[in-house]
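**Q** For the sequence shown, counting from 1, position 144 maps to 404 in the working numbering; every step adds exactly one. Glycine included, each C-beta is placed from N, C-alpha and C at the ideal position. Just so we're clear, the structure is a prediction, and the values are computed from it rather than from any experiment.
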Amino acid sequence: MADDILPLSSAFEDATEAEWLAAVDKALKGKGIDSITRTTADGLKVHPLYRESDFPSATDPLGAPGAAPFLRGATAAPDAWLPWDIRQAFTHPDPATTNAEILRDLERGVSSIELTLDPAGENGVQILGLADLQTALDGVDASIATIALDPVDEPGFISAGLLSTWAEGAADLGALKLAFNLDPLGALARTGTLAAPLDDTFASLADTLSRLSPFTNASLIRIDARMVHEAGGSDAQELGALIASAVDTLRRLPEADLAALAPRITFSLALDANYGLGVAKLRAARRLWARCLELLDVTPVPMRIQATTSARMLARYDAWTNMLRCTTAAFAGAVGGADVVTVRPFNSSLGTPEELGRRIARNTQIIAMEESQLGRVADPTGGAWFTETFADDLAKAAWEEFQTIEREGGYADALLSGAFQSRVAATRDARAKDIAKRKVPITGVSEFPLLDEIAAPTADAATPKPAPKAPAAVLTCAPLAPIQLAAPFEALRDAAAAAKKAPAIFLATLGPVAEHSGRVDFARNLFAAGGLESKEPPVVPKSVPELVAAFKASGCQIAVLCGSDARYPDEAEAAATALKAAGASHLWLAGKFEAPGIDSNIFMGCDVLHTLKLAHAELGLSQ
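#1: Comparing alpha-carbon positions, which option in A301, L288 and D294 lies nearest A692?
#2: For A789 versus P709, is the C-beta distance shorter than 8 Å?
#3: Taking DSSP as the reference, what is the three-state secondary structure of Q566?
#4: Could you check the C-alpha separation between S845 and L786 for me, to the nearest Å?
#5: CB L363 to CB I387, shorter than 8 Å?
#6: Using only alpha-carbon positions, find the residue among R576, A594 and E661 that is nearest to A567.
#7: Enumerated in chain order, which unbroken segments of the beta strand (DSSP E) with a length of 3 residues or greater are wholly contained in the segment 773-861?
#8: Leaving out five residues before and five after G333 in sequence, what residues of the same chain have Cβ atoms less than 6 Å from its Cβ?
#9: Which stretch, first to last residue, makes up the alpha helix (DSSP H) that contains D285?
#10: Whole angstroms is fine: what's the gap from L366's alpha carbon to S682's?
#11: Can you round the beta-carbon distance between R827 and G771 to whole angstroms, since I take them to be within the 8 Å contact cut?
#12: If distances are taken between C-alpha atoms only, which option among R486, A496, A427 and L448 comes closest to N477?
#13: Which complete alpha helix (DSSP H) runs does the segment 512-573 hold, if anything under 4 residues is left out?
#14: Distance, Cα to Cα, W341 vs A327?
#15: Quick one: residues in its chain with C-beta nearer than 7 Å to the C-beta of V284, no 5 flanking neighbours on either side, listed in chain order?
#16: Excluding the 5 residues flanking R546 on each side, which residues of the same chain have their C-beta closer than 6 Å to its C-beta?
#17: For the alpha helix (DSSP H) holding S682, just list the boundary residues, first then last.
#18: Under 6 Å Cβ to Cβ from A380, same chain only, skipping five residues before and after it: list those, please.
#19: Going by the CB atoms, is the gap between A405 and S371 shorter than 8 Å?
#20: Using CA atoms only, rank isn't needed, just tell me which of L740, G538, E660 and S608 is closest to T647.
#21: Just to confirm, are L220 and I858 a CB contact at a threshold of 8 Å?
#22: Do V808 and A850 come within 8 Å of each other at the CB atom, strictly closer than that value?
#23: Give a yes or no on whether the C-beta atoms belonging to D495 and D443 are separated by under 8 Å.
#24: Indicate the three-state DSSP secondary structure (helix, strand or coil) for M261 in the structure shown.
#25: Considering V600, what are the terminal residues of the beta strand (DSSP E) in which it resides?
#26: Where do the N-terminal and C-terminal ends of the alpha helix (DSSP H) with R486 fall, by residue?
#27: Since I296 contacts R622 with CB under 8 Å, what's their CB separation in whole angstroms?
#28: To the nearest angstrom, how far is the alpha carbon of A759 from that of A813?
#29: Give the straight-line distance between the Cα atoms of A842 and D781, rounded to the nearest whole angstrom.
#30: Give me whichever residues DSSP pairs with F766 in a beta bridge.
#31: Name the one or two DSSP bridge partners that T461 has.
#32: Among R572, S473, L874 and P353, whose alpha-carbon lies nearest the alpha-carbon of L436?
#33: Any idea if P321 is buried or exposed, counting beta-carbon neighbours within 10 angstroms, 16 or more meaning buried?
#34: Starting from N441, trace the alpha helix (DSSP H) both ways and give me its first and last residue.
#35: Taking only the alpha-carbon atoms, compute the straight-line gap between I565 and E854 and give it to the nearest angstrom.
#36: So, at 6 Å on beta carbons, what are the nonlocal neighbours of E796 in its own chain, with the 5 sequence-adjacent residues on each side left out?
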């Protein structure tokens, strides 16, 4: 068939896999294909090549889209007009401003809204009572657009009560599209506190579910594992926590009708810029939940997944690159079959997003849906050998994490003992070391920083009203506190930006431009990650005295030698000795050559963060 479509192919002999691997080995200069195998935070291997034998499609055990156990998605044919729910999160503290934003965004393509609720008004809309909620939702028709709640500091009982009261005036409560998102264990993991013992908390959950029974079209419970991701956890830890939280929640609702409750649960996961792993994560989640329903003897129902773009991956510096990160994550959500996708505004890392941030967030999805047509095909990656194989590997790793949590007494007990948090912290710390060495680069921060960037805009957030006193905590544990992957580098940028005089490093070049330009670019990029400018000699020095004169004229205190490996043995020591005598307090060399006068080295794979901290210390920059 291929020859009929592409007759030119008949002129070429069929290549064997052995021949292809030989060509790869030649391109990699004998290192072999395994040299480009990557390992995830869960220890899973991501191979450069996947074959049909890795996941034979002819014996595919995962069924078809729209068919039980729904491992390939809930529907056989996506909705032609709205293949997934375009949800926008609203965080402005002022309810009136939030209302204006909601109405504007609904007119411009958002299909549902999510209110991030914070009584303090620091990380969300300050809703202190029914009047504030009425202000925020004025003019919103809940029979058309879903209203979802995302409480910051409580399991959702208070906010659910307010929303149900707001909705009581509707003629048909069953027609309202509401997402109450009750989540006691998620609140415990996120905040580290609960205002009542577990038995009392889940008694309140059962009572709240009963009171919400008239809202027959509403999503009631949210199982949220995003805080695991945001705290630095791995994909398997996030998925394991997701399933453990669901099982523990259902276990603590002994009187609940699981068959009736299961379709009214929303599962929330985070997606970062690794779209391949993101697609696999969503597939693995459906497989895990289907297995749980099977063990609970519940008839299979589709797993409703909300995918939210990661907050930890966003950067404050060169925040415009966040658009690319969020677009990639949104792609994973769409292709992976998420039912709801929430794209964080690219400037949310800087403060409260304004119109531009929200517009880009929603248009990212609209373009993916309408122009890229990502929702036209059900399960578009189905049968892709990488996706299928890695999703299987990830599901097995997540199930192991789930079993570990179960052995610890379930999700609540694992949180209260701190055992789960310690595993997340270990993963976080291991990744931090890779970020410090740029094995995990952050574009615009640790790689290719832009010192003269144009700052992204943020909204003018109103001063919130005094927050009510929070109820005393009865249960406490270490919260899964959110992190920013770029934070260590950004702290250095902040310190450099606060200096009275722009801090700089002198690039001491050896030899002609053709010899040193590569290492000059490397050093400039490296030190810029700490907010340090680089100064070069105005003309290429032809002698050590000319190099020293250029250093003195630069006004710099520290310097880095940049030259070729062939030139270092003959010239590096003399140049280093002269620069130190001229006042250089610390001297680096770009490369691994060592000689008297050279204090440190920079090279691919070195600890960049340590190097930058050392440079800051030499320059007296506070952090």
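**A** So, from the data block:
#1: Just measuring C-alpha positions, the residue of A301, L288 and D294 sitting nearest A692 is A301.
#2: yes
#3: strand
#4: 19 Å
#5: No, these two residues do not count as a Cβ contact at 8 Å.
#6: A594
#7: 793-795, 818-822 and 846-850
#8: The residues P325, G597, A638 and D639, in chain order, have a CB closer than 6 Å to that of G333 in the same chain once the five nearest residues on each side in sequence are set aside.
#9: E277 to A287
#10: Rounded to the nearest whole angstrom, the C-alpha separation of L366 and S682 is 42 Å.
#11: About 5 Å separates the two Cβ atoms, so the contact holds.
#12: A427
#13: Inside the segment 512-573, DSSP marks whole alpha helix (DSSP H) runs of 4 or more residues at positions 518-521 and 535-555, from first to last along the chain.
#14: 22 Å
#15: I293
#16: L331 and M563
#17: A679 to A696
#18: Cβ within range, chain order: A727.
#19: yes
#20: G538
#21: Outside the displayed range of the chain (261 to 883) lies residue 220, so it cannot be described from this structure.
#22: no
#23: no
#24: Bear in mind that a pLDDT of 44 at M261, under 50, signals an unreliable position, so the model cannot answer this.
#25: V600 to T602
#26: R486 to E490
#27: Rounded, the Cβ-Cβ distance is 37 Å, inconsistent with contact.
#28: 21 Å
#29: Take the alpha-carbon of A842 and the one of D781: they are about 24 Å apart.
#30: K795 and A819
#31: Paired residue(s): none; T461 is not in a bridge.
#32: S473
#33: exposed
#34: Here N441 belongs to no alpha helix (DSSP H); instead the beta strand (DSSP E) covers L438 to L442.
#35: Put simply, the backbone Cα of I565 is about 55 Å away from that of E854.
#36: L767
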